[in-house]
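Read left to right, the sequence shown gives residues 97 to 692 (the numbering used here). Every residue, glycine too, gets a C-beta built ideally from N, C-alpha and C. What you are looking at is a predicted structure, and each value in this text was computed from that prediction instead of being measured.
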Amino acid sequence: MMDPQTALQSIYSIAKLIYDQARLVKANQAQCTRLAERVRIAEESVYGLNTIENKDHYQRGLNDLLTCLNNCLRFMQEFSNSNSWFKYILKTGTYRDKFQELNDELQKSMQQLNLGLAAQQIVNHQQDKVDQASDYRFILSNQDRIIQLNQEANSKIQQLSSEQREGQFIILQQLASMKEQITALNINRSIPKPLLDPRYMVPYFELMFDKKIADSAFGEIYLGRWNEQVVSIKLMENLLTEQDKDFFIREVQIISQLRNQQIVQFYGACLESGRACLIMEYMEKGSLYEVLAAEKLSAEQQKNMALDIARGLHYLHSQGVVHRDLQSANVLINKYGQAKLADFGLSKTKATSVKTAGGFSQAVQWLAPEFFTQRNNYIEQSDIYSYGVILWEIVTGQRPYATLDDILNKRREPIPNIVADVYVDLIEMCRQQDPAKRPDLSTIIHRLDISMLRPSSPGPEECYQQGIACESEKQYEQARVYYDKALKKDYYKANTNLGLFCLKGRGGMPQNKKQAHDYFLKGAERGHVRAMYNLAMMLERGDGIDKNEQCALNWYEKAAQQGDQQAVKKCEELRLRLQDVSYRSFDHSMKNTLFL
């Protein structure tokens with residue numbers, strides 16, 4: 097927290113930047129101008145504090161006001177960037193809720209300072225409505241230009257390798273999405289309750305489709321980009337029936353609540369008129385089904401994938417979710433060889449707000465016998481049976497071929513003699529006809545962990561990824577062992593993870609901030625952004641080492657240059673703190689002319 101005098105000087109500096117920024121905005125000019133005027137009132141009110149010798153009483157209030165002004169400045173900058181203002185406008189329009197939030201925050205800060213300023217001098221809701229209407233008229237009168245700018249921006253970075261007909265369809269759908277969004281921005285329009293949680297909604301026009309990579313029961317799957325991140329886009333084809341929508345919403349409700357290293361990451365979803373898609377983590381190698389058809393897995397790969405799937409399923413069950421469609425086609429593999437569970441459209445959850453899907457899996461070879469004998473009954477132990485089939489696929493490299501008659505009559509694919517005993521035992525236990533006799537996932541994971549397999553030594557990347565997987569399961573000591581192995585193989589990113597373990601006293605390592613600093617420094621010098629950021633934080637705070645804010649700024653700047661947005665914000669804050677400018681001689685008469 098800044099001392100009162102430094103906070104005052106920073107307030108004057110940020111206020112001037114806000115006044116300048118208000119002149120540069122390309123849209124929402126009325127609301128930005130009004131916000132700048134209210135900032136001026138607040139700034140002039142605190143200017144009198146310069147004459148007070150002891151300002152300690154105002155320290156927290158001044159720091160809160162400074163935070164508020166920084167938020168105002170960053171928000172205005174969104175509308176002044178020539179390359180992106182039209183994207184922000186298309187997404188939310190007049191941003192009336194955000195402007196109201198900032199106005200309320202400004203008013204609260206002034207009330208906290210208790211300088212005798214009347215609340216109506218800061219916020220006037222009648223004025224706000226007039227400004228919103230003015231900004232909305234600007235959007236309406238310029239909607240064709242806004243849509244055109246968004247289309248041009250998309251065309252510069254979107255290169256479809258799919259057929260021309262498919263590319264044209266996507267572009268037409270994006271144009272329709274933009275037009276619908278403009279209509280939805282009407283401030284007087286009644287807004288229906290969204291079908292999806294707004295936190296996960298992504299407008300269709302924000303998605304970049306690069307190329308089609310697969311077909312699925314869901315529709316088509318594209319490699320694409322969203323928010324400058326490579327993603328997989330699962331696009332539902334054709335017009336959506338009410339049943340299609342219900343199925344889609346169910347999957348979003350389930351997968352949006354799952355966060356685990358062995359679950360394919362969900363980023364967002366789009367559900368618009370005639371359009372529906374899921375935005376997911378891109379898994380470079382495709383499904384386990386495809387991988388097994390293309391390559392023979394090493395002993396180490398077999399064990400790692402078996403563990404990944406077991407851990408993912410264990411997490412799923414701990415969240416009260418039964419997969420109900422577990423098969424090798426629904427296990428995806430990334431470029432590091434990690435396996436993650438996907439496709440939760442048929443899953444069942446204990447959450448009362450989520451309906452259970454009426455459909456069922458068609459993957460007979462992976463379905464447990466009770467599914468057929470007990471009126472489609474599917475429980476956690478049924479997932480265990482499916483896991484046993486997948487484990488058989490992993491260690492044999494073959495595809496399951498059992499028919500419904502085979503399953504009901506206890507006939508399953510034989511296990512070759514060359515398969516290791518630990519796998520033979522687990523496969524036989526998982527494929528028990530009686531669900532009660534199947535092992536739980538904790539037992540499966542334990543058996544795999546202590547198995548006496550002697551695989552070839554994993555490479556540095558594999559060691560590091562195994563450490564990540566163990567850490568996600570809070571197996572910190574095992575994670576440290578893998579990070580140590582990766583570091584011994586000169587995998588520099590492991591410095592950062594070991595530094596964090598030293599900082600927190602985790603993984604059997606005593607808390608040692610000096611050693612943490614040394615780890616971060618080694619990682620930062622090799623170019624790891626996360627190491628740079630953590631090193632800068634320690635230097636900025638003097639956390640267990642000598643405080644050095646200038647050195648901290650240097651590392652924040654290096655991290656920011658590599659795209660770390662948190663580092664960008666820290667650079668702004670730290671530069672302000674390090675400025676040695678006298679604001680007492682600031683010419684306030686010049687400021688008073690800014691809005692004439």
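Distance CB(residue i)-CB(residue j) smaller than 8 angstroms
{"i": "N591", "j": "L599", "result": "no"}
{"i": "S538", "j": "V518", "result": "no"}
{"i": "I375", "j": "V427", "result": "no"}
{"i": "S141", "j": "M98", "result": "no"}
{"i": "E509", "j": "A516", "result": "no"}
{"i": "K589", "j": "G619", "result": "yes"}
{"i": "A627", "j": "Y652", "result": "no"}
{"i": "F305", "j": "G320", "result": "yes"}
{"i": "L145", "j": "I110", "result": "no"}
{"i": "Y572", "j": "G603", "result": "yes"}
{"i": "L635", "j": "A648", "result": "yes"}
{"i": "G484", "j": "L437", "result": "no"}
{"i": "Q228", "j": "Q127", "result": "yes"}
{"i": "K610", "j": "G640", "result": "yes"}
{"i": "I114", "j": "A132", "result": "yes"}
{"i": "Y587", "j": "E557", "result": "yes"}
{"i": "L500", "j": "I429", "result": "no"}
{"i": "L388", "j": "S424", "result": "yes"}
{"i": "K399", "j": "L544", "result": "yes"}
{"i": "H413", "j": "E476", "result": "yes"}
{"i": "L504", "j": "F467", "result": "no"}
{"i": "Q361", "j": "E386", "result": "no"}
{"i": "F175", "j": "K122", "result": "yes"}
{"i": "E380", "j": "K431", "result": "yes"}
{"i": "K585", "j": "C566", "result": "no"}
In DSSP terms, what residue i is bridged to
{"i": "L374", "result": "K330 and A365"}
{"i": "M304", "result": "R321"}
{"i": "I359", "result": "L437"}
{"i": "M297", "result": "A365"}
{"i": "A118", "result": "According to DSSP, which records beta bridges pairwise, A118 is partnered with nothing at all."}
{"i": "E316", "result": "D311 and L331"}
{"i": "G382", "result": "I429"}
Contact test: residue i Cβ vs the ligand FMN heavy atom, cutoff 7 angstroms
{"i": "Y363", "result": "Only the bare structure without any ligand can be found here, which leaves the ligand FMN out of the picture."}
8 angstroms contact criterion, which residue i and residue j should meet: CB distance rounded
{"i": "G595", "j": "N630", "result": "6 angstroms"}
{"i": "Q358", "j": "D404", "result": "5 angstroms"}
{"i": "Q397", "j": "G433", "result": "6 angstroms"}
{"i": "R730", "j": "Y481", "result": "Within the shown structure, residues of the chain are numbered from 97 to 692, placing residue 730 beyond reach of any answer."}
{"i": "A464", "j": "S478", "result": "4 angstroms"}
{"i": "D152", "j": "Q208", "result": "Wrong, their Cβ atoms sit about 15 angstroms apart, outside the cutoff."}
{"i": "G563", "j": "N593", "result": "6 angstroms"}
{"i": "D660", "j": "V625", "result": "5 angstroms"}
{"i": "R671", "j": "E645", "result": "About 10 angstroms separates the two Cβ atoms, so there is no contact after all."}
{"i": "A118", "j": "T129", "result": "5 angstroms"}
Boundaries of the alpha helix (DSSP H) in which residue i is found, first to last residue
{"i": "I564", "result": "P556 to S568"}
{"i": "N159", "result": "Q155 to Q173"}
{"i": "L544", "result": "L537 to D545"}
{"i": "E530", "result": "Rather than Glu, the amino acid found at residue 530 in this sequence is Asp. D530 -> no alpha helix (DSSP H), and no H or E assigned at all."}
{"i": "Q494", "result": "Taken as a continuous stretch (DSSP letters only), Q494 belongs to no alpha helix (DSSP H), as it is neither H nor E."}
{"i": "T129", "result": "Q125 to Y143"}
{"i": "T469", "result": "P465 to T469"}
{"i": "D586", "result": "Counting along the chain, D586 falls outside any alpha helix (DSSP H), and DSSP gives it neither H nor E."}
{"i": "V348", "result": "E338 to I351"}
{"i": "Q661", "result": "Q661 to L674"}
{"i": "A516", "result": "That residue, A516, is in no alpha helix (DSSP H); it is neither H nor E in DSSP."}
{"i": "N473", "result": "Where N473 is concerned, there is no enclosing alpha helix (DSSP H), given that its DSSP letter is neither H nor E."}
{"i": "A459", "result": "A459 -> no alpha helix (DSSP H), and no H or E assigned at all."}
{"i": "H624", "result": "Careful: H624 lies outside any alpha helix (DSSP H) and carries neither H nor E."}
{"i": "Q208", "result": "R192 to L209"}
{"i": "L504", "result": "L500 to L504"}
Limits of the unbroken beta strand (DSSP E) element including residue i
{"i": "L428", "result": "V427 to I429"}
Task: Touching by the beta-carbon criterion (3+ pairs, under 8 angstroms), the region 191 to 202 and the region 160 to 168 - done: A contact is defined here as three or more CB-CB pairs under 8 angstroms, and the region 191 to 202 meets this definition with respect to the region 160 to 168.
TODO: Indicate whether the contact test is met: 3 or more Cβ pairs, each with one atom in the region 343 to 354 and one in the region 292 to 303, closer than 8 angstroms.
DONE: These segments touch.
TODO: May I ask you to verify whether the region 308 to 317 touches the region 402 to 421, counting CB pairs closer than 8 angstroms and requiring at least 3?
DONE: Because the criterion of three Cβ pairs below 8 angstroms is not met, the region 308 to 317 and the region 402 to 421 do not touch.
Open item on the list: Any contact between the region 484 to 491 and the region 518 to 530? By contact I mean 3 or more CB pairs, one from each, below 8 angstroms.
Closed with: Flag = yes, the region 484 to 491 and the region 518 to 530 touch.
TODO: Would you check if there are 3 or more beta carbon pairs closer than 8 angstroms linking the region 325 to 333 to the region 361 to 378?
DONE: Here the region 325 to 333 makes contact with the region 361 to 378; the two share three or more CB pairs at distances below 8 angstroms.
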